[in-house]
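Worksheet: the structure to be examined is printed underneath.
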Amino acid sequence: MSCGERVAPAIVAASRLVTERLLQENKVFSCGNGVCGPLAAIFTQCLSLRHRIERPGLPALNLSAEASTLSAIAEQHSSEIFSRQLRTLGVPGDVLVIFSTGSNASSLVQAIQTAHDRDMFVVSFTTDGDQDLAALLTNNDITISANNAEPHRATEIHLLGLFSVCELIDQQLFGGAG
């Protein structure tokens, strides 16, 4: 309960940022390693297909999804599995949404750096163990942090947070209560 109250303003801010960028015809990219990869997939599915209401799809791409691309990049540039894709597909104004439960993964560090190099915004679902990621974030970025939570609990908090962000996006773009 206390975590929900603490992250609620960041959830609202993230939904507003993504909505604003979608209205400007930008795209949303998501990524995460390990258990966070499926969170990125769920977020992308909620945007590109639907969350709770039937509506047109929104431009979203999960950078963690395509196994052959990931393995090809990882074979030569393992820490660049997300950043190489962002350099190819990302444009200024797009949004990168990352998911991490305290790993400070170099692939996520490089993804954030690439997003900033391309003048993209970043929304991070993190924990207090992600100091390397947090150090890269700017005032234009938004952090939804499951502080003081062990990885499995953080994943649950992130899942609830991503569903809340998606519901607010739907409300802002398509109206109604969802």
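Sequence positions in the sequence shown follow my numbering and run 30 to 207. Glycine included, each C-beta is placed from N, C-alpha and C at the ideal position. All figures in this text were calculated on a predicted structure; none of them were measured in a lab.
Closest by C-alpha distance to residue i, when choosing among the options
| i | options | result |
| --- | --- | --- |
| residue 191 | 71, 56, 159, 34 | 71 |
| residue 141 | 58, 194, 158 | 58 |
| residue 66 | 84, 154, 45, 167 | 154 |
| residue 171 | 33, 78, 44 | 44 |
| residue 94 | 64, 85, 79, 82 | 64 |
| residue 124 | 204, 151, 174, 79 | 151 |
Per-residue burial, residue i [other beta carbons within 10 Å of its own, 16 or more giving buried]
| i | result |
| --- | --- |
| residue 87 | buried |
| residue 207 | The pLDDT assigned to residue 207 is 47, lower than 50, so where the model puts this residue is not dependable, and the model offers no usable value. |
| residue 113 | buried |
| residue 33 | exposed |
| residue 199 | buried |
| residue 120 | exposed |
Alpha-carbon spacing of residue i relative to residue j, whole angstroms
| i | j | result |
| --- | --- | --- |
| residue 135 | residue 108 | 6 Å |
| residue 92 | residue 60 | 5 Å |
| residue 145 | residue 139 | 10 Å |
| residue 132 | residue 53 | 33 Å |
Inter-residue CB distance, residue i and residue j (contact presumed, cutoff 8 Å)
| i | j | result |
| --- | --- | --- |
| residue 166 | residue 48 | Not really, about 20 Å apart at Cβ, beyond 8 Å. |
| residue 128 | residue 68 | 4 Å |
Between the segment 175 to 188 and the segment 38 to 50, do at least 3 Cβ pairs fall closer than 8 Å? No, because fewer than three Cβ pairs between the segment 175 to 188 and the segment 38 to 50 fall closer than 8 Å, the two stretches do not touch.
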